[in-house]
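The numbering of the sequence shown is this note's numbering, which starts it at 42 and goes up by one.
Even for Gly, the Cβ is constructed at its ideal location relative to N, Cα and C.
Every value quoted in this text rests on a predicted model; they were computed, and no experiment measured them.
One structure below.
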Amino acid sequence: MQIGVLALQGAFREHIVTLEALDVRAVAVRLPEQLEGCEGLVIPGGESTAIAKLMDAYGFYEPIARRHAEGMGIWGTCAGAILVAKNVIDAVPDQRSLGLMDITVRRNAYGRQVDSFEAPLQFDSFFEPFQGVFIRAPWIEEVGQGVDVLASHGEHVVAARQGDLMATVFHPELTGDPRIHRYFVESVVGG
Ligand code: GLN
42 MQIGVLALQG
52 AFREHIVTLE
62 ALDVRAVAVR
72 LPEQLEGCEG
82 LVIPGGESTA
92 IAKLMDAYGF
102 YEPIARRHAE
112 GMGIWGTCAG
122 AILVAKNVID
132 AVPDQRSLGL
142 MDITVRRNAY
152 GRQVDSFEAP
162 LQFDSFFEPF
172 QGVFIRAPWI
182 EEVGQGVDVL
192 ASHGEHVVAA
202 RQGDLMATVF
212 HPELTGDPRI
222 HRYFVESVVG
232 G
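So, in structure tokens, the structure goes:
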């Protein structure tokens, strides 16, 4: 199985390292043609406005939507969650997103860089909590009917899944814990 990691800006290397540790072939996707061989795509955290502009410049919007329609699973982490969401609150004017997943995210919901934090998160699928690293994170303010909540922090949803789409507002690639990557590969893409 080959998983692509969108490598325009942000924490893409750490995703590649974590996927390779699971014996998954992970490729840094820099051009839309590279999506063709990918059964799954990770859109990393970073800065959603920068990634959105680069996606536009390199012509990624239509090919990602088409590959998703053909069955490619997509996981957005943090800025990536903003990019997969149908609705974004507090986006910059004209900020574009893929609009694939039926969630409303609030950008920078937890505050500024200095308000970044870590918290243990309880997932139904995992026995031990998962350490969530939140860096200028959005939260998921609303989920549509076909969306399953995977984890919450306080009152807010921080991980969700809709079929072959997944969004996490924290950074699982920065913890060295591969459980969410394994879940994406085995259940979201492979399920
Ligand atoms: N606040 C950033 C944004 O709006 C996301 C931060 C992150 O990905 N860690 O894109």
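Cβ-Cβ separation, residue j to residue i (assumed contact under 8 Å), whole Å
{"i": "Leu234", "j": "His222", "result": "Nothing about residue 234 can be read from this structure; the chain reaches only from 42 to 232."}
{"i": "Gly81", "j": "Val226", "result": "7 Å"}
{"i": "Glu183", "j": "Gly173", "result": "Incorrect: roughly 20 Å between the Cβ atoms, too far for contact."}
{"i": "Val210", "j": "Gly114", "result": "About 18 Å separates the two Cβ atoms, so there is no contact after all."}
{"i": "Cys79", "j": "Gly45", "result": "4 Å"}
{"i": "Val125", "j": "Ile84", "result": "7 Å"}
{"i": "Ala201", "j": "Val188", "result": "5 Å"}
{"i": "Leu162", "j": "Phe171", "result": "5 Å"}
Selected residue, minimal CA-CA separation from residue i, among the options
{"i": "Ile144", "options": "Leu206, Gly173 and Ala67", "result": "Leu206"}
{"i": "Thr118", "options": "Met142, Phe168, Pro73 and Glu74", "result": "Met142"}
{"i": "Ala208", "options": "Trp180, Phe171, Leu63 and Val46", "result": "Trp180"}
{"i": "Pro73", "options": "His109, Gly100, Tyr151 and Glu55", "result": "Gly100"}
{"i": "Arg13", "options": "Phe164, Ala110, Val198 and Gly45", "result": "The chain is shown only over 42 to 232; residue 13 falls outside these bounds and no answer can be derived."}
{"i": "Ala152", "options": "Ala178, Gly217, Asp218 and Gly45", "result": "The residue asked about is misnamed: residue 152 is Gly in this sequence, not Ala. Looking at the Cα atoms, Ala178 is the closest of the given residues."}
{"i": "His109", "options": "Ala192, Val65 and Gly204", "result": "Gly204"}
{"i": "Lys127", "options": "Ser138, Glu103 and Pro134", "result": "Ser138"}
{"i": "Ala287", "options": "Gly86, Glu77, Phe167 and Val129", "result": "Residue 287 is absent from the structure shown; the chain starts at 42 and stops at 232."}
{"i": "Asp135", "options": "Asp97, Asn149 and Tyr224", "result": "Asp97"}
{"i": "Leu191", "options": "Tyr224, Asp156 and Ile123", "result": "Tyr224"}
{"i": "Gly87", "options": "His56, Met42 and Arg66", "result": "His56"}
{"i": "His194", "options": "Ala67, Phe164, Gly217 and Gly185", "result": "Phe164"}
{"i": "Arg54", "options": "Tyr102, Val68 and Asp64", "result": "Val68"}
{"i": "Arg220", "options": "Ser166, Ile123, Met42 and Asp131", "result": "Ser166"}
{"i": "Glu196", "options": "Glu214, Gly232 and Ala150", "result": "Ala150"}
{"i": "Tyr102", "options": "Val155, Gly217, Gly140 and Asp131", "result": "Gly140"}
{"i": "Glu214", "options": "Ile123, Trp116, Ala132 and Asp156", "result": "Trp116"}
Residue range of the unbroken alpha helix (DSSP H) whose run includes residue i
{"i": "Glu61", "result": "Phe53 to Ala62"}
{"i": "Asp97", "result": "Ser89 to Ala98"}
{"i": "Ala110", "result": "Tyr102 to Ala110"}
{"i": "Val125", "result": "Ala120 to Val125"}
{"i": "Ile44", "result": "No alpha helix (DSSP H) holds Ile44; the beta strand (DSSP E) holding it covers Gln43 to Leu47."}
Host beta strand (DSSP E) of residue i (start-end)
{"i": "Ala160", "result": "Phe158 to Leu162"}
{"i": "Arg71", "result": "Per DSSP, Arg71 belongs to no beta strand (DSSP E) and is neither H nor E."}
{"i": "Arg147", "result": "Met142 to Arg147"}
{"i": "His194", "result": "Asp189 to His194"}
{"i": "Ile181", "result": "Trp180 to Val184"}
{"i": "His212", "result": "Counting along the chain, His212 falls outside any beta strand (DSSP E), and DSSP gives it neither H nor E."}
{"i": "Arg202", "result": "His197 to Gln203"}
Checklist entry - Counting pairs of Cβ atoms below 8 Å between the region 49 to 58 and the region 85 to 100, do you hit three or more? => result yes
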